[in-house]
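Visitor:
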Amino acid sequence: MEKISIKAQTRTSKGKGPARRMRVEGLVPANIIGNGEARSASVVEKEIQRLIDSGIRKATLIDLELDGKTERVFVKEIQRFPHTGQIRHIDFFKVTPGKKILTTVAIKTTGVAKGSKAGGQFEHLVHEIKVKSTPEDLTDVITLDVSGLDIGNMIKVSELPHPASWEILVNGDPIVASCSKTKAILAAERAEKAEADAKGKPAAKKAAKK
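Take the sequence shown: its position 72, counted from the start at 1, is 72 in the UniProt record's numbering, and no numbers get skipped.
Structure below.
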């Protein structure tokens, strides 16, 4: 994953009044959660919005610099004001090297399914999965090449490319992507079968007379 970083500063004042003044100054109140404790901090609104706009996901690891130390975190929750969409508060979750964390990883497809080119219907059914992974093995997105997916084929969660250390938490083995026959293809097959059957009936009767 690309290295992403942001700076934060310790926040000593709490409550609605100080938080309101911080937002006027272009800062966003934040908590850094981990190891059973939460530290109060603040980040520059423009900087966190830049990260959000860059496409960070739930499992994107961020290097957060606070008081001269760098912690690896991911965004646990973003609260926004409902009427304006402005960031109200943000929670970061601190990760520990070697310790598995529970998070959600996105699934992105690339390529055009072989079956789509033949007139089939491609469907991307599962867009994210929950996993347990160490920070070292974590990636925020699984890229799935569907180029070889033909009509009637499917790709299940068990077939996704992922590190061997991951624990994927799903019920059963759901279908992630598939390419199925369209109504037009099914209608054409029925018409073709009916035509073949019609041609075969006279021949069968003629053979019976002999």
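Glycine included, each C-beta is placed from N, C-alpha and C at the ideal position.
Do you know how far the Cα of residue 64 is from the Cα of residue 6?
Guide: 5 Å
Visitor: Do you know how far the Cα of residue 159 is from the Cα of residue 15?
Guide: 49 Å
Visitor: Using a Cβ-Cβ cutoff of less than 8 Å, which residues in the same chain neighbour residue 153 once the five nearest sequence positions on both sides are dropped?
Guide: A distance below 8 Å between beta-carbons, with the five flanking residues on each side excluded, links residue 153 to the following residues of its chain, in chain order: 115, 178, 179.
Visitor: In the DSSP assignment, find the beta strand (DSSP E) that holds residue 17 and state where it starts and stops.
Guide: No beta strand (DSSP E) contains residue 17, which is instead part of the alpha helix (DSSP H) from 16–24.
Visitor: Based on Cα-Cα distance, which residue from 151, 45, 96, 136 lies nearest to residue 35?
Guide: 96
Visitor: Mind checking residue 29: buried by the 16 CB within 10 Å criterion, or exposed?
Guide: buried
Visitor: Return the first residue and the last residue of the alpha helix (DSSP H) that residue 4 is part of.
Guide: Unbroken run through residue 4: none, as it is neither H nor E.
Visitor: Could you tell me the alpha carbon to alpha carbon distance between residue 181 and residue 9, rounded to whole angstroms?
Guide: Whole-angstrom Cα-Cα distance: 56 Å.
Visitor: Among all the DSSP beta bridges, which residues are the ones paired with residue 124?
Guide: 177
Visitor: Any idea if residue 24 is buried or exposed, counting beta-carbon neighbours within 10 angstroms, 16 or more meaning buried?
Guide: Burial is judged here by how many other beta carbons sit within 10 angstroms of a residue's own beta carbon; residue 24 has fewer than 16 and is exposed.
Visitor: Roughly how many angstroms separate the alpha carbons of residue 119 and residue 150, rounded to a whole number?
Guide: Approximately 10 Å between the Cα atoms of the pair.
Visitor: Classify residue 52 as buried or exposed, calling it buried when 16 or more other Cβ atoms lie within 10 Å of its own Cβ.
Guide: exposed
Visitor: Output yes or no for whether 8 Å exceeds the beta carbon distance between residue 107 and residue 144.
Guide: yes
Visitor: If you reduce the DSSP assignment to three classes, tell me which class residue 86 lands in.
Guide: coil
Visitor: Is the Cβ-Cβ distance between residue 72 and residue 141 less than 8 Å?
Guide: no
Visitor: Taking the straight line between their C-alpha atoms, what separation do you get for residue 204 and residue 122?
Guide: Summary for residue 204: the model assigns pLDDT 46, below 50, so the residue's position carries little reliability; its value from the coordinates is reported in the next sentence. One C-alpha to the other measures close to 40 Å.
Visitor: Are the beta-carbon atoms of residue 26 and residue 45 separated by less than 8 Å?
Guide: yes
Visitor: Less than 8 Å between the C-beta atoms of residue 222 and residue 22, yes or no?
Guide: The first residue shown for the chain is 1 and the last is 210, placing residue 222 beyond what the model contains.
Visitor: Out of curiosity, what's the CA-to-CA distance linking residue 93 and residue 167?
Guide: 20 Å
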